[in-house]
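Peer 1: This structure is in structure tokens; I'll ask about it shortly.
Residue numbers (UniProt numbering): 1 to 95.
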């Protein structure tokens, strides 16, 4: 069964030049794993970033339910960081 894992963070680590580093802080505000179609609970009030790890290609909507083929594409076997709004519901479906 395919798996999508979403972790929410309030901030991301910064490098020496103050640029964001593409690594996750050790303790997410929220983390859950799902199947290939679904939606998250509302994200915590101070969530600003999510890390989405998926083993199958998905279309992801970062603020709302009912993701479809017009939403952002994330490729299979990847982990990506996305900006989000506080309290957003993230939804996705198989691409």
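Glycine residues also receive a C-beta, built at the ideal position from the N, C-alpha and C atoms. All values derive from a computational prediction rather than experimental measurement.
Quick one: give me the first and last residue of the beta strand (DSSP E) that residue 10 is part of.
Peer 2: From DSSP, residue 10 is part of no beta strand (DSSP E); its letter is neither H nor E.
Peer 1: What are the boundary residues of the beta strand (DSSP E) that includes residue 93?
Peer 2: 91–94
Peer 1: Do the segment 85–93 and the segment 33–49 meet, that is, are 3 or more Cβ pairs less than 8 angstroms apart?
Peer 2: Cβ pair count under 8 angstroms is three or more, so yes.
Peer 1: Count the other CB atoms within 10 Å of the CB of residue 67; is the residue buried (16 or more) or exposed (fewer)?
Peer 2: buried
Peer 1: Please identify the residue among 71, 63 and 92 whose C-alpha is closest to the C-alpha of residue 54.
Peer 2: Of 71, 63 and 92, the residue nearest in Cα terms is 92.
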